[in-house]
Each structure stands twice: as structure tokens, then as C-alpha cells.
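Residue numbers (our numbering), protein chains in the order written: chain U, 1098 to 1470; chain W, 5 to 382. Written out below as C-alpha cells is the structure these notes cover.
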């Protein structure tokens, strides 16, 4: 999704517990000890941004439903999260509790690491992070970003990659298709030819026929280690994805307009092909944004160019969205503009229309002559 | 609002809704056209230090004159811009339009920068923009009127141009052409550098001015209004999507974050507070008036989204989700059609409110549906 300058890794090789010579290889052992229970066979990592120490932001988001416990004395302390879900007519009361670590991986970039089950990750940890927007913003990846990163990863480290399982969706919505046990290249070729995007993938890397790492990556910014060399997973694979997340953060942050001023910091999404050609294309585009949860739109212009206002009820972010040509969209953030909201919006736009790159609007200023036929 | 995103003929109040749609779309096109000239002037003149100021909300001549825009190039030359989608050929309409243009004929002080400093240029011309569907007819009728009423013809030049939104090739754009009839005025912009003279390009070379959306959308997003009174539906929609969200407390937003975004939050306000917010913070210098905002709040009250408390108001604010019945169907729940666009929904609520009917609102689930769950992957 991001216009990257390079796929260089980002800082995870410095991941150590302060004051101790504890490398990445020991992270899993530390987690095992902390949780005092049997390791279930997978470790999950969620990449996010926060300008402040996340523990402070998380504490500020606690209430009667979500509580956290952490001594907060060390940089690398376990955080115990409990979510008490009230019962309803359709659902019984439920309490979810688990532990995760938050590790700094660069300026304003963090990763939460846990071996807890998926239910805790989705319904407690990620949900809690979403409640903390704009203080915390989860990062997401486009299908083309995942492809470029995995291709580059395989090439750089001279690996072979086998897709154990992948889930893809057609752009614009529709049923998922699962792929099992295919070469990576074949998966992406089939995505391209079938106009589908990759949503999540479990992939095993081999070198000289020896399994090196069994891992998982999703568009939602979740990476997972199943087996193999955990140092390799953290230092190479997670580091690579963290680098792109940092590039995305740099593009999306500090876009808010200031009250009393008539300036803006627009963003662009440039597509690889014409995606908004007909009135039906525009209608589908508008429909896809109008159906995004906890958000609303006003349509000011629909054909042949689209102008709509987008309002995100998760954190009050808003922006104007313009489809200005068949392959280009301009987003003009308003007075509140979180990274989380812009990621949510741009992710939906890409899912709806196709692969595109997010960048600063940066249109070259036309001169007088350019304005005349 | 431009075009309902639902399919089929489903209007339950066709006349009311149609009127609101037409008003909304016409005003939005006006905002587009002003944004085109605003962007063109900023790119071509201000950024190259060849022009001083584009005034999007001019108030001239003891604040009695409200043209659609003004452009001050330097101390020697300025243009007053007036947009009239069409000019009816009836004598009353022509007399009214001619009188309006004649008022722009006085010595006018133009805003020269954002601080309010004004300059009276030595020369100014009057630019009249007509939609291409009506331009020739309107220009001829106006010229004939001036022939019959010579004292009404302005001393300064009136340059008539037409505008339209062209979709003829791959790149849609607004086109502005100077009408080529003998009596049309000329831009007296000889003091500008030759390569920036409008008369040379638009008149001598007869080259149309073109503005693609990429050139004006940022300007439109920031300025959102033009100098004409916005129709109430347009102002109401902008209040809903741009202004009211800035009045929410963190606690109110947290309620939506944790639960349903359709849960109503009360926003206490007054038309005076909103006027100050709009004219000083959101679009500094815009001419949105307190009484126009009061009308918009009355609109919300009719739509069931605001309550008057003496001299103050409470806006009943939330995300909107509603359904409407397809025409000819009254009972079948399955035939209800989802509405998701604020302009359409506010119009529907208002038109139903006029008839004393309650809209069919939907409540959004409190918890997001977990998309593409990790739980399904293993």
C-alpha cells in the first residue's frame, strides 16, 4: 500500500530486555516462563503505532469492561488484559483474559507479542487496541505489499517458499477462496489473474530442503510464528514487515487540519490500472465505503468524479475522498485524522477497487499554460 | 446526495426529495466552479507572485455587494466574478441581473490578503459565468436589454463566459470558454505579464480554460462553501459530517467506540456558536449567517434530529442507518431498502417529518462483526 523506497528491515535485531543480554532467541522462553503453562505452538505479533508509551495509553482506555495489570517497571513487562463481556439475549456473559508483551521496534512503532489463543487476540487484545485509537493505531498491509515483501524475502535469503494455506477475496467483495499447498508464485499469479486480493497466508520457508520457518501474515497486521528458527522470524521476517509499517506511519501521521487555517495535507492512492471508469464503478465504490462499520458518508458528487465525506465513529476522524481519475484517489483529512482511521479507510478502498499505492498527494503544481486546452 | 446510491424508483416523497436534490446538486456545482477559479488563480498567479488574492467570500462596497468571487491581480487590475447558471429572458429577470452587474460598476475595494487589507485597483472588469446550456441565449438577452437600456450597461467591461463539465474524453474536467460575440467585453489585463494575460488566451487565442478535478478538489475540501446562501439541505449535511463531530466530547466518542454508533448523543449548541465556529474556525472568512444556521437547525428538528430548548438547541447526533420502503410496497419487511448516505437520509427524514411520519431507523450492532477471523483460519 505504501510507496516504499526500500524493503530494509527495521530495528528488531535490537530487541533485548534492558540490562540483560537477552536476545530474540530467549523471547519465547521468557513468554513460556511468564505464562506458566504449556506452549500452544504459535506466537502472535501485532504491529501498531503509538507516539507515547503504550502502557500509558492502554491504562487510559481501561474501564469496567477492560482492565490491565502491569508493574510497568521494566520496558519489557508482561501486560495482563481482562475483558469482561456482559451477557445479552444472544450471547452469554464471558470473561477473556490473557497476557501479552509490548516491545518497541522503532520510533513510535511497537509490536505486541503473545502466545494466547486467537479468541483472546481478536476479542480482547485487538478490540482493546481499537478502543485506544487515536492513541494506538494498528497497521495493515495491502496484498501487493505482502507479495513484494515475501518475494523480496525469499530472494534475499535464497529460500524456497511453500504456501500451506491462504485465503483470498475478490476485489469489491464476494466469497473467499482458500488455497492449500501451492508455490508462492502460483498463489499470487492466480490472485492477479482472478482479480483477487490476499487476506492471510501461512507460509513455510525452506533452505536446501530444510524447513527454516513456518509463519503467518495477514493484511490486518498480524504475524505469527509456528515453528522453526524464531530468531529468523523476528530478526528477518517481522523486521521486514515492521519497516513497511513504519513507512506507512510516516505517510499517514500528522495529516490533521488546524482550526482557523485553510491548509490541508492530502494523500493519494494511485492504482496500477483503471479502476473507476464507469458510473457503475463509482456506485460500487461509494457503496463499499458506505458499508464500512461505525462510519458514515455524505456524497457530494458521484459522476463522473466522486466526492464524498467520510466520518469514522470509532475516533471522530473525518476526511473528504475524491476519485479524481480512473486510477487516482485523493484523500483530504479534516480536523481529526488518526492513522488507524486512514488505514481502515484506505484498506477498504483497496479491497474495493484493486491494488494501489498510498503516498503524499504531491501533485506537481500546474502552471498557467497547463490550464488551457 | 448527488444520486441516490439505492436502486430503483423508491422515493416516498418525490417532490420534496427532488427539490432538495436539485438544490443540493446545483449548489455543489457552484462550489466546484468557484473552486476551479480559486485553484486556477492560486496556481497561476499567487504562487508565481503575479497575483495578490482570490476572495472566495467577497463583501464589497460597504458590505452590500456579494459577488461570487473576486480576483485582485495587482494594484492595477482586478476581476469581480458572478455566476448565474442561467438568465431567464423575462424583462424582470434581465433588469434584476443588469442592476446587480451595474452595482459592481462602482469603485470597489478588493481584499488584498488574508488579513483584510483592501486595495482599489485602477481597473476592474466583471466576469459573468453562465452554464453552457443557457449561455448564448442568456448573453444575447442581456445584451439586448442593455441596448434598450443603455444607462444600465456598466462602464467597466462585462466579459461573458460559459462553463460546463466535460466528460468527452478520458479526463473529466470543467471547461470555461469566452463567448465569441461582437459585443462581449474584453479583459483589460494589459498590465499583467503577457504570458499570464487572460484576454490573450481566452479571447485572442479562444483557448478554453480547463480544470480537472485533481486541480481543485483540495481547495473544495477545505473551503466547502461559496458566497451564495447554501440550500438548507447542503448546510445541514455539512453540519452533520464536518461540524457536529468537532463538538463531541471524548466520552461521547467512547460510547460509539465501544457500542453502537447509532446510539444518539446530545450536542447542546446555538446558531450563534455554530456561526462563530464556521466563520472563524472551519472556513475562516466564510459568510454563513446565523439565520441560515437557524434554518438548518429547524430542518434537523423537522427531521427528528434536533430539539429547541428556548434559545438553545440540542442536536440528536449519531451515525445514521435507515431503511425506506420501495414504492408500491407497504408491508413486506424484506422489501425495505437500506439507506447509507447522509444527504439522502437527512432529506428523507426531513420530507417524512413534514408529513408527520417517522423514519425507519436501523440500529448498528454494538460489536463489529469480526472480519476474516483468525479463528476461521486454523
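Cβ atoms here follow ideal geometry from the backbone N, Cα and C, with glycine treated the same way.
Secondary structure of residue 1268 (chain U), DSSP reduced to three states: Residue 1268 (chain U) falls in the coil class under three-state DSSP.
Considering only DSSP beta bridges, list what residue 75 (chain W) is partnered with. Residue 75 (chain W) is bridged to W:58, W:83.
Does residue 1219 (chain U) come out as helix, strand or coil in the three-state DSSP assignment? It is helical.
Straight-line Cα distance separating residue 1415 (chain U) from residue 1433 (chain U): As the crow flies, the alpha-carbon of residue 1433 (chain U) is around 6 Å from that of residue 1415 (chain U).
Looking at the structure shown, is residue 356 (chain W) part of a helix, part of a strand, or coil, going by DSSP? DSSP places residue 356 (chain W) in helix when its eight states are reduced to three.
Residues that DSSP places opposite residue 1277 (chain U) in a beta bridge: Beta-bridge pairing links residue 1277 (chain U) to U:1262.
Kindly indicate which residue of U:1160, U:1366, U:1305, U:1421 has the alpha-carbon position closest to the one of residue 1455 (chain U). Taking only the C-alpha atoms, the option nearest residue 1455 (chain U) is U:1366.
Identify, in the order they occur along the chain, each residue of the same chain with its Cβ nearer than 7 Å to the Cβ of residue 1458 (chain U), setting aside the five sequence neighbours on each side. The residues are 1363, 1364, 1365, 1427.
Work out the CA separation of residue 64 (chain W) and residue 115 (chain W) for me, nearest whole Å. Each residue's Cα considered, the two are about 9 Å apart.
When the Cα atoms are used, what is the spatial distance from residue 193 (chain W) to residue 202 (chain W)? Taking the straight line joining both Cα atoms gives about 7 Å.
Where in the segment 206-274 of chain W do unbroken runs of the beta strand (DSSP E), each at least 3 residues long, occur, reported from the N-terminal end onward? At a cut-off of 3 residues, the continuous stretches assigned as beta strand (DSSP E) that sit fully inside the segment 206-274 of chain W are 213-215, 269-273.
Taking all protein chains shown into account, do 16 or more other C-beta atoms lie within 10 angstroms of the C-beta of residue 1278 (chain U), making it buried, or fewer, making it exposed? Looking at its Cβ environment, which holds fewer than 16 other Cβ atoms inside 10 Å, residue 1278 (chain U) is exposed.
Limits of the unbroken alpha helix (DSSP H) element including residue 1253 (chain U): Note, residue 1253 (chain U): alpha helix (DSSP H), 1240-1253.
Flag this pair as yes or no: are the beta carbons of residue 1402 (chain U) and residue 176 (chain W) separated by less than 8 Å? Taking 8 Å as the Cβ cut-off, residue 1402 (chain U) and residue 176 (chain W) qualify as a contacting pair.
Going by the beta-carbon positions, is the gap between residue 4 (chain W) and residue 108 (chain W) smaller than 8 Å? Not covered by the structure: residue 4 (chain W). The range shown for chain W is 5 to 382.
In chain C, which residues lie with their C-beta within 9 Å of the C-beta of residue 1427 (chain U)? Of the chains in the structure shown, none is chain C; the protein chains are U and W.
Per DSSP, residue 1365 (chain U) is paired with what? Residue 1365 (chain U) is bridged to U:1427, U:1456.
Using 8 Å as the threshold, is the C-beta distance between residue 1395 (chain U) and residue 1445 (chain U) below it? In this structure, residue 1395 (chain U) sits away from residue 1445 (chain U), with a CB-CB distance that is not shorter than 8 Å.
Quick one: measure Cβ to Cβ for residue 147 (chain W) and residue 187 (chain W), integer angstroms, because I've assumed they're closer than 8 Å. Rounded to the nearest angstrom, the Cβ distance from residue 147 (chain W) to residue 187 (chain W) is 5 Å, consistent with a contact under 8 Å.
Spatial neighbours of residue 1211 (chain U) in its chain, beta-carbon cut-off 6 Å, leaving aside the 5 residues before and after: Cβ within range, chain order: 1141, 1197.
Between U:1292, U:1418, U:1175, U:1185, which lies nearest to residue 1271 (chain U) when the distance is taken from Cα to Cα? Selected option, being the one with the closest Cα: U:1292.
Shortest alpha-carbon distance to residue 235 (chain W) belongs to which of W:86, W:18, W:25, W:325? With distances taken between Cα atoms, residue 235 (chain W) lies closest to W:25.
Starting from the beta carbon of residue 1277 (chain U), find every residue of chain W whose beta carbon is closer than 9 Å, and list them in chain order. Correct list: empty, because the minimum Cβ distance to chain W is about 12 Å.
Taking all protein chains shown into account, do 16 or more other C-beta atoms lie within 10 angstroms of the C-beta of residue 199 (chain W), making it buried, or fewer, making it exposed? By the 10 Å Cβ count, residue 199 (chain W) comes out exposed.
According to the neighbour-count rule (16 or more other Cβ atoms, all chains shown, within 10 Å of its Cβ), is residue 1450 (chain U) buried or exposed? It counts as buried.
According to a CB-to-CB cut-off of less than 9 Å, which residues of the segment 1147-1161 of chain U neighbour chain W? For the segment 1147-1161 of chain U, which is checked against every Cβ of chain W, the residues closer than 9 Å are 1158, 1160.
Under a three-way DSSP split, which group does residue 1347 (chain U) fall into? Looking at residue 1347 (chain U) - three-state DSSP - the assignment turns out to be helix.
C-alpha distance - residue 4 (chain W) paired with residue 1439 (chain U), whole-angstrom precision: Because chain W in this structure spans residues 5 to 382, residue 4 (chain W) falls outside the shown range and cannot be described.
Since residue 289 (chain W) sits in a beta bridge, which residues does DSSP pair it with? The partner list for residue 289 (chain W) (beta bridge, DSSP) is empty, contrary to what the question assumes.
From the beta carbon of residue 1334 (chain U), is the nearest beta carbon of chain W less than 8 Å away? No, because no Cβ of chain W sits closer than 8 Å to the Cβ of residue 1334 (chain U).
Expressed to the nearest angstrom, what Euclidean distance is found between the alpha-carbon atoms of residue 1378 (chain U) and residue 240 (chain W)? Between residue 1378 (chain U) and residue 240 (chain W), the alpha-carbon positions lie close to 28 Å from each other.
Alpha carbons only, please: which of U:1215, U:1354, U:1260, U:1397 is nearest the one belonging to residue 380 (chain W)? It is U:1215.
Quick check: residue 1059 (chain U) and residue 285 (chain W), are their CB atoms within less than 8 Å of each other? The shown model of chain U, from 1098 to 1470, leaves out residue 1059 (chain U), and the question about it has no answer.
Just the C-alpha distance for residue 1355 (chain U) and residue 1349 (chain U), rounded to the nearest angstrom, thanks. For residue 1355 (chain U) and residue 1349 (chain U), the gap between their C-alpha atoms comes out near 16 Å.
DSSP state of residue 1303 (chain U) mapped onto helix, strand, coil: Looking at residue 1303 (chain U) - three-state DSSP - the assignment turns out to be strand.
Hey, does residue 260 (chain W) have any beta-carbon neighbour from chain U nearer than 8 Å? Put simply, the CB of residue 260 (chain W) is near chain U, with a gap under 8 Å to one of its CB atoms.
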